[in-house]
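Scroll down for the structure; my scribbles are underneath it.
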Amino acid sequence: QARANKPKKKHKANCKRHSLYVDFSDVGWNDWIVAPPGYHAFYCQGECPFPLADHLNSTNHAIVQTLVNSVNSNIPKACCVPTDLSPISLLYLDEYERVILKNYQDMVVEGCGCR
Amino acid sequence: GCAGLLPEIGRRKNSPHLSQDALDAFELRLLTMFGLKQRPSPSKSALVPQYMLDLFTTYSANSAEQKHHKAKSTVGRSADRSASRANTVRSFHHDESTEELTSHHSGKTTQRFLFNLSSIPGEEFVTSAELRIYREQVMTNSSGNSSAGYHRINIHEIIKPALPFKEPITRLLDTRLVQHGLSKWESFDVSPAVLRWTMEAHANHGFVVEVVHPGDAEGDYKSHVRVSRSLHDSTESWPQMRPLLVTFSHDGKGHVLHSREKR
Numbered sequence: 368q369a370r371a372n373k374p375k376k377k378h379k380a381n382c383k384r385h386s387l388y389v390d391f392s393d394v395g396w397n398d399w400i401v402a403p404p405g406y407h408a409f410y411c412q413g414e415c416p417f418p419l420a421d422h423l424n425s426t427n428h429a430i431v432q433t434l435v436n437s438v439n440s441n442i443p444k445a446c447c448v449p450t451d452l453s454p455i456s457l458l459y460l461d462e463y464e465r466v467i468l469k470n471y472q473d474m475v476v477e478g479c480g481c482r
Numbered sequence: 007g008c009a010g011l012l013p014e015i016g017r018r019k020n021s022p023h024l025s026q027d028a029l030d031a032f033e034l035r036l037l038t039m040f041g042l043k044q045r046p047s048p049s050k051s052a053l054v055p056q057y058m059l060d061l062f063t064t065y066s067a068n069s070a071e072q073k074h075h076k077a078k079s080t081v082g083r084s085a086d087r088s089a090s091r092a093n094t095v096r097s098f099h100h101d102e103s104t105e106e107l108t109s110h111h112s113g114k115t116t117q118r119f120l121f122n123l124s125s126i127p128g129e130e131f132v133t134s135a136e137l138r139i140y141r142e143q144v145m146t147n148s149s150g151n152s153s154a155g156y157h158r159i160n161i162h163e164i165i166k167p168a169l170p171f172k173e174p175i176t177r178l179l180d181t182r183l184v185q186h187g188l189s190k191w192e193s194f195d196v197s198p199a200v201l202r203w204t205m206e207a208h209a210n211h212g213f214v215v216e217v218v219h220p221g222d223a224e225g226d227y228k229s230h231v232r233v234s235r236s237l238h239d240s241t242e243s244w245p246q247m248r249p250l251l252v253t254f255s256h257d258g259k260g261h262v263l264h265s266r267e268k269r
């Protein structure tokens, strides 16, 4: 019971992908971007704890960095970053009112990992 | 407005409002990322061709399909193949003030079109171009003449514009025989001309679209291929029927739009 009354240690979530929807009407860009109305960009956030589990999609270097951090906190932990990105297509009107369809790379986070 | 981009949960509480300068800089950074110098401010009447909307739908569906495919396949694409394809599609309407009806006699309609392609950035590599022309169904009584209802459409590039009392010097780019029982867009390959104008800096004198009508063509038959505005067009119909030049190019950045060859 005493243990239960202790203030809970705040658990930090592990590195993962979080939802982030960018709505073009929110930024007033829907007057020149014809389609899509917005897009799911996502972002990466969370801890890269020692030891790094497989599902955290790390590299050998990230494992080494995390190991060193566990004995020397001056060395930062591996960072939670996008590891896989995909493009989106935008249909928009340019300054001459000409219609352009363009593919922009690395706009959507598909996967996150500790790097 | 730019503050709307920042996710609600990520916004720092009690942070002072961003100054207008900071918001402008934020927007400029995004526009630069999109390859634009300034924020476009199109008029309400700006028209989006249905073809471009259809292309967007096709490409978006194709991208989604590729995501699944990418997860299954680890085979990389060669750089050469990527370079030969496009990641940008631009559409152009011709300048109606320069439109020129070269001739319109019983057997043939010839019209000149000039498309201003100066908005294509110099660093962009045009891979191909197509000229799309709409033809509208003509209802006919069947006749015994086997050639009835056929029109030949010839697309020429103007190499040297016409001098007084002289015909322009042209070269044939594409040709097609069509029958007027159907409403349909026809797409003609005009890549050689557009590549000459954009990549080799040759003067753009435009195209000549020549429609050769059936021998006995009269009245409605002549307006089957929609190369010009009609007195009877409603204000909405002509903008969606007028000839459309579409260029496919690569800006040297990023991935290609992949469904080109499927179409």
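Protein chains in written order, with my numbering: chain A, 368 to 482; chain B, 7 to 269.
Ideal placement from N, C-alpha and C gives every residue a C-beta, glycine not left out.
The structure displayed is predicted, hence computed values, not measured ones.
> Which stretch, first to last residue, makes up the alpha helix (DSSP H) that contains Asp-393(A)?
Replying inline: Here Asp-393(A) belongs to no alpha helix (DSSP H), and DSSP marks it neither H nor E.
> Who are the Cβ neighbours of Gly-478(A) in its own chain at under 6 Å, not counting the five residues just before and after it?
Replying inline: Thr-450, Asp-451
> Name the chain A residues that come within less than 8 Å of Phe-119(B), Cβ to Cβ?
Replying inline: Chain A residues near Phe-119(B): none, gap ~16 Å exceeds 8 Å.
> Among Glu-462(A), Leu-419(A), Asn-470(A), which one has its Cα closest to the Cα of Ala-70(B)?
Replying inline: Asn-470(A)
> Is DSSP giving Val-435(A) helix, strand or coil here?
Replying inline: helix
>> Could you tell me which whole beta strand (DSSP E) segments of length 3 or greater appear in the segment 395-427 of chain A?
In response: The qualifying runs are 400-402, 405-407, 410-412.
>> Measuring only the C-alpha atoms, how far is Ala-31(B) from Ile-455(A)?
In response: 23 Å
> Is it right to say Gly-212(B) is buried, meaning 16 or more other beta carbons lie within 10 angstroms of its own, or is it exposed?
Replying inline: buried
> Could you give the residue range of the alpha helix (DSSP H) that holds Pro-198(B)?
Replying inline: 197-205
> Of the residues Tyr-406(A), Leu-460(A), Lys-444(A), which one's Cα is nearest the Cα of Gly-41(B)?
Replying inline: Leu-460(A)
> Ends of the beta strand (DSSP E) at Phe-283(B)?
Replying inline: Given that chain B is displayed from residue 7 to residue 269, the structure contains no residue 283(B) and the question cannot be resolved.
> Considering Glu-33(B), what are the terminal residues of the alpha helix (DSSP H) in which it resides?
Replying inline: 26-39
> Quick one: what does DSSP say Asp-60(B) is sitting in, helix, strand or coil?
Replying inline: Helix.
> Relative to the C-alpha of Leu-179(B), which residue among Ser-25(B), Leu-120(B), Leu-137(B) is closest?
Replying inline: Leu-137(B)
>> Is there a Cβ of chain B sitting closer than 7 Å to that of Asn-470(A), yes or no?
In response: yes
>> So, for Ile-442(A): in the same chain, excluding its five sequence neighbours on each side, which residues have a beta-carbon less than 8 Å away from its beta-carbon?
In response: Gln-432, Val-435, Asn-436
> Across which residues does DSSP place Arg-182(B) in a beta bridge pair?
Replying inline: Ile-159(B)
>> Please report the straight-line C-alpha distance between Pro-416(A) and Ser-386(A), rounded to a whole angstrom.
In response: 22 Å
> Can you tell me the Cα-Cα spacing of Thr-64(B) and Gln-56(B), whole angstroms?
Replying inline: 12 Å
> Mind checking if Val-3(B) is an interface residue toward chain A, Cβ cutoff 7 Å exclusive?
Replying inline: Here chain B covers residues 7 to 269 and nothing more, so residue 3(B) does not appear.
> Can you tell me the Cα-Cα spacing of Ile-175(B) and Tyr-156(B), whole angstroms?
Replying inline: 26 Å
>> On the CB-based measure, 16 or more other CB atoms within 10 Å of its CB, does Leu-183(B) come out buried or exposed?
In response: exposed
>> Could you check whether Leu-457(A) and Arg-58(B) sit closer than 7 Å to each other, using their CB atoms as the reference points?
In response: Residue identity check: residue 58(B) is Met in the sequence provided, not Arg. No, these two residues do not count as a Cβ contact at 7 Å.
>> As a quick exercise: from Ser-49(B), Val-132(B), Arg-96(B), Asp-101(B), pick the residue whose alpha carbon is nearest that of Arg-202(B).
In response: Val-132(B)
> Does Met-58(B) get closer than 7 Å to chain A when you measure Cβ to Cβ?
Replying inline: yes
> Which residues mark the beginning and the end of the beta strand (DSSP E) in which Gln-117(B) is found?
Replying inline: 114-119
>> Suppose contacts are defined by Cβ-Cβ distances below 7 Å. Is Phe-409(A) in contact with Ile-400(A) by that definition?
In response: no
> Cβ atoms of Ser-193(B) and Ser-134(B): under 7 Å apart, would you say?
Replying inline: No, Cβ-Cβ distance for Ser-134(B) and Ser-193(B) is not below 7 Å.
> What number of angstroms, rounded off, separates the C-alpha of Asn-160(B) from the C-alpha of Val-54(B)?
Replying inline: Linking Asn-160(B) to Val-54(B) through their CA atoms gives a straight-line distance of about 27 Å.
> Grouping DSSP H, G and I as helix and E and B as strand, with all else coil, what is Asn-381(A)?
Replying inline: strand
> Closer than 7 Å, CB to CB, is Tyr-463(A) near chain B or not?
Replying inline: yes
> Who does Asp-451(A) pair with in a DSSP beta bridge?
Replying inline: Gly-478(A)
>> Buried or exposed for Thr-38(B), going by 16 or more other Cβ atoms inside 10 Å?
In response: exposed
> Closer than 7 Å, CB to CB, is Gly-258(B) near chain A or not?
Replying inline: no
>> Suppose the cutoff is 8 Å on Cβ atoms and the five residues either side in sequence are ignored; what does the same chain contact list for Ser-425(A) look like?
In response: Take Ser-425(A), set aside five residues on each side of it, and the residues of its chain with a beta-carbon closer than 8 Å to its own are Cys-415, Leu-419, Thr-433, Ala-445, Gly-480, Cys-481, Arg-482, in chain order.
>> If we define contact as Cβ-Cβ less than 7 Å, is Ala-402(A) a contact residue for chain B?
In response: For Ala-402(A), the answer is yes, since a Cβ of chain B falls inside 7 Å of its Cβ.
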